[in-house]
Ligand SMILES: [Fe+2]
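Residue numbers (the numbering used here): 16 to 390.
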């Protein structure tokens, strides 16, 4: 039980319900602890809190265009790392053709988010087809490869030294958002048996402490005829996620948590109806989520009308400044022309600061910091 310093006040002219009933002409900003789970304050500002005219120094919102990264490598360990800290590493794997070697990550679990393409995953546990929109969670130590049908782009999220788990779904129970029965696992099917070989040499690239070692076998080590247990890779497609929403309250991003690790969470934004209560906010509220760095990867859709942001881009908002809707989206704060959002995006919120790699900075769209300026 944590004992935050108890303060519960209403000061000056203020709404008493977060994200609703804002005083006329004001912009709400949330300042909070522990993501959206700790104590918070809600300010009613006269100006949009992103209305800066200049932003200097190492801290800044960044947008990286991962579609500009080179394709061609067929090893996940050669994929470009764009952001990392001790608990989480984010890479973008662009596979134009099948992996020629098996991969094994001895540093942590890997979460693959398939942004585009189609492939067959072959691993210790069998065969599983993967396609755009799939999350595939590979437990640490799994030997695997992708056999590419259509070139695939994968956001690869390593949970270093910690396991991915499901979030506590609290009031709505374990079958909400997606039912655990929707998780698919690899099968020992004909395709899996057909790739087994007693004579073909296979190599496994093992990543341990960031370094690659190669182990050669005179046969294909994906040769299990069966297995049993409670541990296996799982797959769920974003189109099978049934997001929570409230018609009277703009839910915080944490309502869309899909996977949790010890020092970060992965959330999924999937299409959902806009709020209908006339006094409820219909865009994300301004916030400075000061305990977390935030990554958003854009998979499909219109992303609340952000100019110059297209599928395959990733934005990074380090802790330390307020972010929120862009000016165009702000005009629709209480009235949306469409009945529902149509965006799919993957959010990664990390408890520890991330470093952007030089390779990530090489594909930065430097105009992003100015994109909140009124047009
Ligand atoms: Fe945020």
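Yeah, the Cβ is synthetic: ideal placement off N, Cα and C, and Gly gets one too.
Since this is a predicted model, take the numbers as computed values, not measurements.
(request) Using only the heavy atoms of ligand 1, determine whether one of them is closer than 6 Å to the beta carbon of residue 350. (result) Residue numbering aside, residue 350 sits at position 335 when the chain shown is read from its first letter. Checking every heavy atom of ligand 1 against the Cβ of residue 350, none is found closer than 6 Å.
(message) If I measure Cβ to Cβ from residue 342 and keep anything under 8 Å in the same chain, skipping five residues before and after, which residues do I get?
(response) Translated into the one-based positions of the chain shown, residue 342 becomes position 327. 63, 387, 388, 389, 390, listed in sequence order.
(request) State buried or exposed for residue 350, treating a residue as buried only when at least 16 other CB atoms are found within 10 Å of its CB. (result) Position 335 of the chain shown, counted from the start, is the residue given in the question as residue 350. Exposed.
(message) So the candidates are 186, 59, 309; which of them puts its Cα closest to the Cα of residue 368?
(response) For the purposes of this step, residue 368 is taken as the residue at position 353 of the chain shown. Of the candidates 186, 59, 309, the one whose C-alpha sits nearest the C-alpha of residue 368 is 309.
(request) With residue 17 as the anchor, note down where its beta strand (DSSP E) starts and where it stops. (result) For the purposes of this step, residue 17 is identified with residue 2 of the chain shown, where counting begins at 1. No beta strand (DSSP E) holds residue 17; DSSP gives it neither H nor E.
(request) Confirm the yes/no value for this check: CB of residue 309, any heavy atom of ligand 1, distance under 6 Å. (result) For the purposes of this step, residue 309 is taken as the residue at position 294 of the chain shown. Yes, since a heavy atom of ligand 1 falls inside the 6 Å radius drawn around the Cβ of residue 309.
(message) Whole angstroms are fine: how far does the CA of residue 51 sit from the CA of residue 128?
(response) Counting from one through the chain shown, the residue named residue 128 turns up at place 113. Counting from one through the chain shown, the residue named residue 51 turns up at place 36. Their Cα atoms are separated by approximately 25 Å.
(message) If you follow the beta strand (DSSP E) that residue 126 is in, where does it begin and where does it stop?
(response) Looking up residue 126 in the chain shown gives position 111. Residue 126 -> beta strand (DSSP E) spans 123-138.
(message) Between the segment 327-336 and the segment 60-78, can you find at least three pairs of beta-carbon atoms closer than 8 Å?
(response) yes
(message) Give me the residue from 291, 240, 40, 186 with the minimum Cα distance to residue 353.
(response) Here residue 353 corresponds to residue number 338 of the chain shown, with the count starting at 1. Checking every option, the nearest Cα to that of residue 353 belongs to 291.
(request) Mind checking which residues open and close the beta strand (DSSP E) that includes residue 144? (result) Counting from 1 along the chain shown, the entry for residue 144 is found at position 129. Its beta strand (DSSP E) spans residues 141-146.
(message) So if DSSP puts residue 360 in a beta bridge, which residue, or which two residues, is it bridged to?
(response) Taking the first residue of the chain shown as position 1, residue 360 is located at position 345. Looking at the DSSP assignment, residue 360 forms a beta bridge with 284, 313.
(message) Using C-beta distances below 6 Å, list every residue in its chain close to residue 146, excluding the 5 sequence neighbours before and after it, in chain order.
(response) Looking up residue 146 in the chain shown gives position 131. Hits under 6 Å: 133.
(message) Taking the beta carbon of residue 95 as the centre, do at least 16 other beta carbons fall within 10 Å, making it buried, or is it exposed?
(response) Sequence index remark: in the chain shown, residue 95 carries index 80 (1-based). Counting Cβ neighbours within 10 Å, residue 95 comes out buried, since at least 16 surround it.
(message) For residue 47, count the other beta carbons within 10 Å of its own beta carbon; 16 or more makes it buried, fewer makes it exposed. Which is it?
(response) To locate residue 47, count along the chain shown from 1; it is residue 32. Label assigned to residue 47: buried.
(request) Helix, strand or coil for residue 263, going by three-state DSSP, please let me know. (result) Reading the chain shown from its first residue, position 248 is the one you call residue 263. DSSP places residue 263 in coil when its eight states are reduced to three.
(message) Per the DSSP calculation, residue 202 is bridged to which residue(s)?
(response) In the chain shown, residue 202 corresponds to position 187, counting from 1. For residue 202, which the question treats as bridged, DSSP gives the partners 142.
(message) Following a CB-centred definition, is residue 303 positioned closer than 6 Å to any heavy atom of ligand 1?
(response) As a first step, residue 303 is located in the chain shown; it is residue number 288 there, counting from the start. Residue 303 Cβ: outside cutoff for every heavy atom of ligand 1.
(message) For residue 92 and residue 198, I'd like the C-alpha separation in whole angstroms.
(response) By one-based count along the chain shown, residue 92 stands at place 77. By one-based count along the chain shown, residue 198 stands at place 183. Those two C-alpha atoms are separated by around 26 Å.
(request) Rounded to whole angstroms, what's the CA-CA distance from residue 115 to residue 374? Just pull it up for me. (result) The count along the chain shown starts at 1 and reaches residue 115 at position 100. The count along the chain shown starts at 1 and reaches residue 374 at position 359. So the alpha carbons of these two residues sit roughly 24 Å apart.
(request) Give the straight-line distance between the Cα atoms of residue 137 and residue 159, rounded to the nearest whole angstrom. (result) Locating residue 137 in the chain shown gives position 122, counting from the first residue. Locating residue 159 in the chain shown gives position 144, counting from the first residue. Cα to Cα, residue 137 sits roughly 6 Å from residue 159.
(request) Kindly identify the DSSP beta-bridge partner or partners of residue 163. (result) Residue mapping note: residue 163 aligns to position 148 of the chain shown, counting from 1. Looking at the DSSP assignment, residue 163 forms a beta bridge with 134.
(request) Report yes if the C-beta distance between residue 111 and residue 166 is below 7 Å; otherwise report no. (result) As a position in the chain shown, residue 111 is number 96, starting the count at 1. As a position in the chain shown, residue 166 is number 151, starting the count at 1. Closer than 7 Å, so yes.
(message) Measuring only the C-alpha atoms, how far is residue 241 from residue 194?
(response) Position 226 of the chain shown holds residue 241. Position 179 of the chain shown holds residue 194. If I take the Cα positions, the gap works out to 26 Å.
(request) Please classify residue 385: does DSSP put it in a helix, a strand, or coil? (result) For the purposes of this step, residue 385 is taken as residue 370 along the chain shown, with counting starting at 1. Of the three classes helix, strand and coil, the one that applies to residue 385 here is helix, per DSSP.
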